[in-house]
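Colleague: Protein chains in written order, with this note's numbering: chain A, 970 to 1249; chain B, 970 to 1249; chain C, 970 to 1249; chain D, 970 to 1249.
Even for Gly, the Cβ is constructed at its ideal location relative to N, Cα and C.
4 protein chains.
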Amino acid sequence: MQNLLAKKGNQLLVSRENQQEDTIIEVKGCTIGGNEIAVIAGPCAVEKEDILREIGFKVRAFGATMLRAGAFKPRTSPYTFQGLGEKGLQILAQVGEDLNMPIITEVMDTEDISLVGDYADILQVGARNMHNFSLLRKLGRTNKPVVLKRGIAATIEEWLLAAEYILAEGNSAVILCERGIRTSEPWTRNTLDLSAVALAKELSHLPVLVDPSHGTGVRSLVKPMAKAGITAGADGLMIEVHSNPEKAWSDGEQSLTPNDFRTLMHELRPVANACGRRMK
Amino acid sequence: MQNLLAKKGNQLLVSRENQQEDTIIEVKGCTIGGNEIAVIAGPCAVEKEDILREIGFKVRAFGATMLRAGAFKPRTSPYTFQGLGEKGLQILAQVGEDLNMPIITEVMDTEDISLVGDYADILQVGARNMHNFSLLRKLGRTNKPVVLKRGIAATIEEWLLAAEYILAEGNSAVILCERGIRTSEPWTRNTLDLSAVALAKELSHLPVLVDPSHGTGVRSLVKPMAKAGITAGADGLMIEVHSNPEKAWSDGEQSLTPNDFRTLMHELRPVANACGRRMK
Amino acid sequence: MQNLLAKKGNQLLVSRENQQEDTIIEVKGCTIGGNEIAVIAGPCAVEKEDILREIGFKVRAFGATMLRAGAFKPRTSPYTFQGLGEKGLQILAQVGEDLNMPIITEVMDTEDISLVGDYADILQVGARNMHNFSLLRKLGRTNKPVVLKRGIAATIEEWLLAAEYILAEGNSAVILCERGIRTSEPWTRNTLDLSAVALAKELSHLPVLVDPSHGTGVRSLVKPMAKAGITAGADGLMIEVHSNPEKAWSDGEQSLTPNDFRTLMHELRPVANACGRRMK
Amino acid sequence: MQNLLAKKGNQLLVSRENQQEDTIIEVKGCTIGGNEIAVIAGPCAVEKEDILREIGFKVRAFGATMLRAGAFKPRTSPYTFQGLGEKGLQILAQVGEDLNMPIITEVMDTEDISLVGDYADILQVGARNMHNFSLLRKLGRTNKPVVLKRGIAATIEEWLLAAEYILAEGNSAVILCERGIRTSEPWTRNTLDLSAVALAKELSHLPVLVDPSHGTGVRSLVKPMAKAGITAGADGLMIEVHSNPEKAWSDGEQSLTPNDFRTLMHELRPVANACGRRMK
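See below:
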C-alpha cells in the first residue's frame, strides 16, 4: 500500500518518505509522539465545574497527562444536549490551568476556530468532520496542534490525506486518532481498527492515538483495547472518564470511573514497558 | 422502525406523523416532490462556460428540469482540482439564466453560504458534510431549498435527523438525496441503497432524489439504477452528464454522454408512467 | 470491472464473453431467464400441509409461477426450529404436484443432495453456503437447476465465481439470486443491492432473481423493492408469503399476506411491461 | 450484550454463565486456553514434504507449539490450486509426527470429516464455513478439538452460536479464532477485530485465537497485530510462515519468513509476560 500512497505524490508531507523520524508534539511540557505514552482523559462533555475538577484531579493523579472534555458536541439529533459552548470552554480552561494540564476540545465550525483556539491547547476534529475540508484547511492556518479523528467509514488513505490538508497549509502539528469504524457488529458501538494504527505508524511520521471509549462504546472493552492499542504501536490514548457514568449527560455507557481508570493505568504500565515505551 | 423514529419525538418535523402530505418544493416553476419526476443533470464540476452551456442545452432538450455543477468540490486529496470557486458560481448562474434552468450547487463551509446563496437556486450538502451540524444549522436559517445527500456510512435515522437540524431552524425546504453507501464491494464506487429511498418516503414527507452516478460510479449502471430508483419511489434523479467524459476534470467514469442521457430519458418515461408519475 | 473478470480467464463459463445470449432454464413448462418474469412465492418454511396448500393455491392464483418453502432451515441458533426435514420435502412435493407448480427448496449438506433432489425441481444454495465449495461442486454434478443466493458479504466477483464452481462440473442451469448484503443499517435486515443485479446481468448470461423479502426484512419494503428489482433487470422474484405472518414459525416480519402479494402482482405488471417484460 | 446472549438461553453451553472457569484443551501435551500462549504456525497449504519439514523445524525451534497447513483449500475460483487432498494430509501427518507437533488442518465437507480426522489432531472450520451448520453439527459428534474461525461478516453472537452448534452435539473442545471481518478498507485484506477477542473471552469460557495473517493480509502488520491480539486477551496465535513467501502457492503476501517469525516470538515474549501469560 506504500505504493498507493506514493503514487499520490512521493512528496506527501505526512509520509515517512518525506520525514523519517517521528514527529513529536510538545504542549506545556507534555509530549505526544515521543517515547512516553500520552494519556488524555476526561469526561465526554463539560458539565459542571466541580465535576470536571474532580475528574481532572483524579485522572491526573492516576497518570493522565492531558485533560479532554467537549464544549461543542456533535449530536445525531438536534434535540439532545449540544454542549455548553463558550461557557464550557471557560470552565475547561480554568480547570486545566488550575491542574496544570493541557486541554483538548473539539471545534466543529470554521467560524469557531478562533474562539476555541483562545481557550484550548489542542483542537480536535471529530470523526464526523474528518471530511470537512474547509475546517481542515483553516486549522492548517493556525498554530495549534490538531487531533484528527478518523471518519466512521474513512479509509486509511483518506485519513492520511485529510491530515495532508492541514499540513499543506503550514501546520505540521497533527495527531491522528483511531476511534473505530462502523461495521455490522451490533454489540459494539464501532469496530476499533488497530491495524489502522499500525499502518498509520508505518506510513506516516505523525503521532497516533487510540480512543477505545468511542472505539468500542462498551466499558468492559476499554481496558483490553487500550492495552492492545499501545501494543499495536499507538503513541497515546484518549479515554472517557466520569465520576458518575450513570449520570453523565452523554456517553455514560462507555465511560470509566476514576477507579477503573486507575486500574487501567496500573495494568498498562508493564505492557507499555514491554513495548519499550515509558509512562509518566 | 417507525417506532424508533417516533421514540425520538413523535413531533419530529421531518416525520409523516407530523405532516401526512408530501412536501412539494417549487423553484422558478420547477417542482420537486410532486407527481412530476424532477431530473437534475449536469457535469460534476463547472469547467469552462462553453462546455457547461453545451451540456446544459442538451440535457434541457432531453428532459432535464434543473442544472447541476460544482464550484466548490470536496476532494480526498488537497492536490487535486478543488473547483473554480466564485468564478464557477458566476458561470453556472449565467448559464442557468440563459437556459432558464434553476441551478443546484454544493456549499461546503458555513462562511460560504451567503456567497453560494447569491448565485444558486438550491444549495447542496454533500455526503461528506451530512454530519457537519454547523453547516446544517446555518442552512436552516436561509430561505433556500437544500439538497441533503446521505452520508457514506450514515444510517437512515441519522439522515432524517440531519434533515431535522435544518427544519428545526425554520427552513422546511429540504430534499433528501440517496447517493450510495460504502460497502466492501470493489466493482462499484458505492452501493446504491434503494431501500433507503423507499423507507425515507414511508417515514418522511420530504422529497427524495436518487443519484445513480455517485451511487454506482459505473456508467453502465446509471441507467438501470436510475429507473429502479424511480420505481422504488424516488421523486427525481441527479445525473452526471458530460459532453466528453474522458476529458472531464473529475468523475468521468460515471458520467453519461448527452446521448446516453437521451436514451435514459427515453426509457425512463414509460417506467415513470407505469408507477403513476409524470415526466416533462 | 469486466477486465477483472476477464483476467480470471476469458473463458469463464458464466461470462457474457463465453455465451452472449441469455441462459433460459425451463422446469415443467415454467421458464426463468426468458422474457417472462418468474415469480417464486411461498412461506419461509414448510409447516403444515393445509397451510402450505392454502398459500400455494393463492399465490398461484395471483400469478406466482413456482412454489418455495424450506424443509432444511439454516438457523443462527441450534435451539430454534430447524425445519421438518424429509417430512417437509414430502409435503412440499405433494402440494407442488397437486397445484402443478415446480418447487424450490434449500439443500444445506452434500449428503442431502440426493434426498432433496428426489423431491425438488430446483435446489437452492442459501446465502450462508455460497462459499461451501464442496456443496457447489457436488451440485455441479447433478442435473437439477440450482438457485445460488449471494453470500451476505460476498463480492459480485465471488458470487459469479461460486456459480462457476457449479458450471465447471457440468451443470449449466444456475440461477443467481440477490438477497441483500450486510451493512451497518439497523432498520433493515440486509441492504438489497440492485446494482449487483444490473452488474450480474451485464457480465453474465445466467438468469438473476431478486429476493426482496430477505433482502429487506421489512414487509412494507417488499413491494417497492420487488418492482425496483425488475426495473434494474432481474428475471424474476422470490417472495415470502404466509397466510398468517404473525404465526409463521420463521420470518413472519418480512412475509406478505396473500392479499399483499396480489397487490404486488397487480402493481408489478405495468412496471414489467414498461421494461419490455411479460408476466403470466 | 451479556443480556442479549442470555436471552437466547441462560444455559447456552458456550457462556460464562454456564461455566465460569476457562476451558483448557490439551492435545499431545500441548494446551490451548490455559496460562501458556499457544502458537500455531505453518504454511497456508501443504506443498512439498521437504518444504513443510523445513518450515515446521524452524517454527518449532522458534517457539511454535503446533503445526498448521491446508490440504483442502477453500478458493474463490475453481481454477486455482485447491490443495493436495489426502496426499497433503499424509505429508502433514508425517511431518507432525517426526517433529512431535500436533497438527491442525481444515475440513470443508461433512463427507471428509472421517478422512481428515484420521490424520489431524485438531480440525479447522474456515471462515467461509462458519455458517455451514451441517458441518458444525457433525463435528460436534466427533471427539476431535475444533478451531472455529469467525465468518467474514459474522456478528460475535453468530460466532458464539456457531460454536454452540458443536457443543450442543456433545463436543466441548471448541477453539474460537478471530481472523478479520470484511470492511471497506482496501489496504488490508480484512479488518482484524480485536474487540471481538476481548468480548468472546468475557462472554465465553472457550479459548480464543487470533490469526493476524488472514486478519490483515499484510506481512508488516502481522507482528504488531499478533502482539496486540495477545494483549487484548487471546490465548494463542495462528501465523502463516513460509520459507519462501514469494514462491508460496497461496497467501505469500501475508506469510512471514522463519526469521520474521523468530523476531515476532522474541518481541512477543515480554508482552505476554506483561499480561501475566507464559510462553514456551
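At a Cβ threshold of 8 Å, is Ile-1121 (chain C) touching chain B?
Modeller: Not one chain B Cβ lies under 8 Å of Ile-1121 (chain C).
Colleague: Taking 8 Å as the threshold (C-beta atoms), are Val-1085 (chain D) and Ile-1076 (chain D) in contact?
Modeller: According to the sequence displayed, residue 1076 (chain D) carries Val and not Ile. Result yes, Cβ atoms of Val-1076 (chain D) and Val-1085 (chain D) sit closer than 8 Å.
Colleague: When you compare the CB of Glu-1023 (chain C) with every CB in chain G, is at least one pair closer than 8 Å?
Modeller: Judged by its chain identifiers, the structure shown contains no chain G, and its protein chains are A, B, C and D.
Colleague: Could you say which of B:Thr-1049, B:Phe-1041, B:Asp-1078 and B:Leu-1233 lies nearest to Met-1194 (chain B) if we only look at CA atoms?
Modeller: Nearest option by C-alpha distance: B:Leu-1233.
Colleague: Looking only at its own chain, which residues have a Cβ that is under 7 Å from the Cβ of Asn-972 (chain A), when we skip the five neighbours before and after it?
Modeller: Per-residue confidence for Asn-972 (chain A) stands at a pLDDT of 45, beneath the threshold of 50, marking its modelled position as unreliable; the derived number appears in the next sentence. Once the five neighbours on either side are set aside, Asn-972 (chain A) has no close Cβ partner at all.
Colleague: Distance cutoff 8 Å, beta carbons only. Does Ala-1142 (chain B) sit that close to anything in chain A?
Modeller: Not closer than 8 Å to any Cβ of chain A, the Cβ of Ala-1142 (chain B) fails to qualify, so no.
Colleague: What runs of the beta strand (DSSP E), each 3 residues or longer, lie entirely inside the stretch 1080–1166 of chain C?
Modeller: As far as the stretch 1080–1166 of chain C is concerned, its whole beta strand (DSSP E) runs of at least 3 residues are 1091–1094, 1115–1118 and 1143–1147.
Colleague: Roughly how many angstroms lie between the CA atoms of Ser-1224 (chain C) and Gly-1198 (chain C), to the nearest whole one?
Modeller: So the two alpha carbons sit approximately 17 Å from each other.
Colleague: Taking the alpha carbon of Lys-939 (chain D) as the point to measure from, which residue in D:Gly-1003, D:Gly-1054 and D:Val-983 has its own alpha carbon closest?
Modeller: A query on residue 939 (chain D) cannot be resolved here, the shown segment of chain D reaching from 970 to 1249 and no further.
Colleague: How long is the line joining the alpha carbons of Pro-1114 (chain D) and Asp-1090 (chain D), rounded to whole angstroms?
Modeller: Those two C-alpha atoms are separated by around 7 Å.
Colleague: Spell out the partners DSSP gives Ile-1072 (chain D) in its beta bridges.
Modeller: DSSP, once it has assigned bridges, lists D:Leu-1036 as partnering Ile-1072 (chain D).
Colleague: Pull up the distance between the alpha-carbon of Gly-1184 (chain D) and that of Ala-1203 (chain D), whole angstroms please.
Modeller: Approximately 14 Å between the Cα atoms of the pair.
Colleague: Can you give me the start and stop residues for the alpha helix (DSSP H) that Leu-1021 (chain D) sits inside?
Modeller: Its alpha helix (DSSP H) spans residues 1018–1030.
Colleague: Only counting runs of 4 or more residues, tell me where the alpha helix (DSSP H) segments fall wholly within the stretch 1165–1240 of chain D, in order along the chain.
Modeller: The qualifying runs are 1181–1185 and 1188–1200.
Colleague: Under 7 Å between beta-carbons, which chain A residues line up against His-1100 (chain B)? List them in chain order, please.
Modeller: Those are Pro-1043 and Arg-1097, listed as they occur along chain A.
Colleague: If we ignore side chains and look at the alpha-carbon of each, how far apart do Ser-1046 (chain A) and Glu-1133 (chain B) end up?
Modeller: Ser-1046 (chain A) and Glu-1133 (chain B): Cα-Cα distance of roughly 8 Å.
Colleague: Closer than 8 Å is the cut-off here; do at least three beta carbon pairs connect the stretch 1095–1104 of chain A with the stretch 995–1003 of chain A?
Modeller: Too few Cβ pairs lie closer than 8 Å, so no.
Colleague: Please classify Arg-1246 (chain C) as buried or exposed, where buried requires at least 16 neighbouring CB atoms within 10 angstroms.
Modeller: Label assigned to Arg-1246 (chain C): buried.
Colleague: Tell me the DSSP secondary structure of Arg-1064 (chain D) in three-state form.
Modeller: Note that residue 1064 (chain D) corresponds to Val in the displayed sequence, not to Arg. The answer is helix: DSSP assigns Val-1064 (chain D) an H, G or I state.
Colleague: My output table needs one value for Glu-1005 (chain D): the three-state DSSP class, helix, strand or coil.
Modeller: Note: Glu-1005 (chain D) maps to strand in three-state DSSP.
Colleague: Which of the three DSSP states is assigned to Gly-1011 (chain B) in this structure?
Modeller: It is a strand residue.
Colleague: Who are the near neighbours of Gln-980 (chain B) in its chain, counting only those whose CB is closer than 7 Å to its CB and skipping five residues on each side?
Modeller: Within the same chain, Gln-980 (chain B) has close Cβ partners Asn-987.
Colleague: Quick one, are the C-beta atoms of Glu-1236 (chain B) and Lys-1192 (chain B) less than 8 Å apart?
Modeller: Yes, the Cβ-Cβ distance between Glu-1236 (chain B) and Lys-1192 (chain B) is below 8 Å.
Colleague: Expressed to the nearest angstrom, what Euclidean distance is found between the alpha-carbon atoms of Met-970 (chain B) and Ala-1167 (chain A)?
Modeller: Its pLDDT being 42, under 50, Met-970 (chain B) is placed unreliably by the model, and the measurement read from it follows with that caveat. Roughly 39 Å separates the two Cα atoms.
Colleague: Can you give the Cα-Cα distance for Ala-1217 (chain B) and His-1211 (chain B), rounded to whole angstroms?
Modeller: Straight-line Cα distance between these residues: approximately 7 Å.
Colleague: At the 8 Å Cβ level, is Leu-1233 (chain B) part of the contact set with chain A, yes or no?
Modeller: Not one chain A Cβ lies under 8 Å of Leu-1233 (chain B).
Colleague: Let me make sure I understand the geometry here. Which of D:Val-1240, D:Pro-1176 and D:Pro-1181 has the alpha-carbon closest to that of Arg-985 (chain D)?
Modeller: The option with the nearest alpha carbon to Arg-985 (chain D) is D:Pro-1176.
Colleague: To the nearest angstrom, how far is it from the Cα of Thr-1124 (chain A) to the Cα of Glu-1126 (chain C)?
Modeller: When rounded, the distance between both Cα atoms is 22 Å.
Colleague: Sort B:Ile-1024, B:Gln-989, B:Phe-1050 and B:Leu-1092 by Cα distance to Val-1064 (chain B) and report the nearest one.
Modeller: Taking only the C-alpha atoms, the option nearest Val-1064 (chain B) is B:Ile-1024.
Colleague: State the Cα-Cα distance for the pair Met-1207 (chain A) and Lys-1196 (chain A), rounded to the nearest angstrom.
Modeller: Each residue's Cα considered, the two are about 12 Å apart.
Colleague: Rounding to the nearest angstrom, what Cα-Cα distance links Lys-1107 (chain D) and Ala-1137 (chain D) in this structure?
Modeller: For Lys-1107 (chain D) and Ala-1137 (chain D), the distance between alpha carbons rounds to 11 Å.
Colleague: Taking 8 Å as the CB-CB limit, is Cys-1244 (chain C) close to chain B?
Modeller: Taking Cβ atoms only, chain B reaches closer than 8 Å to Cys-1244 (chain C), which makes this a yes.
Colleague: Using a Cβ-Cβ cutoff of less than 8 Å, which residues in the same chain neighbour Thr-1049 (chain B) once the five nearest sequence positions on both sides are dropped?
Modeller: If we look at Thr-1049 (chain B) and ignore the five residues flanking it on each side, its Cβ neighbours are Ser-1219.
Colleague: Identify, in the order they occur along the chain, each residue of the same chain with its Cβ nearer than 8 Å to the Cβ of Asn-1004 (chain B), setting aside the five sequence neighbours on each side.
Modeller: So the qualifying residues of the chain are Gly-1245, Arg-1246 and Arg-1247.
Colleague: Excluding the five sequence neighbours on either side, which residues of its own chain have a C-beta within less than 6 Å of the C-beta of Ile-1072 (chain B), listed in chain order?
Modeller: Counting only Cβ-Cβ distances below 6 Å, and skipping sequence neighbours, we find Leu-1036, Leu-1061, Gly-1065, Ala-1089 and Asp-1090.
Colleague: Give the straight-line distance between the Cα atoms of Thr-1000 (chain D) and Val-1008 (chain D), rounded to the nearest whole angstrom.
Modeller: Rounded to whole angstroms, Thr-1000 (chain D) to Val-1008 (chain D) spans 10 Å at the Cα level.
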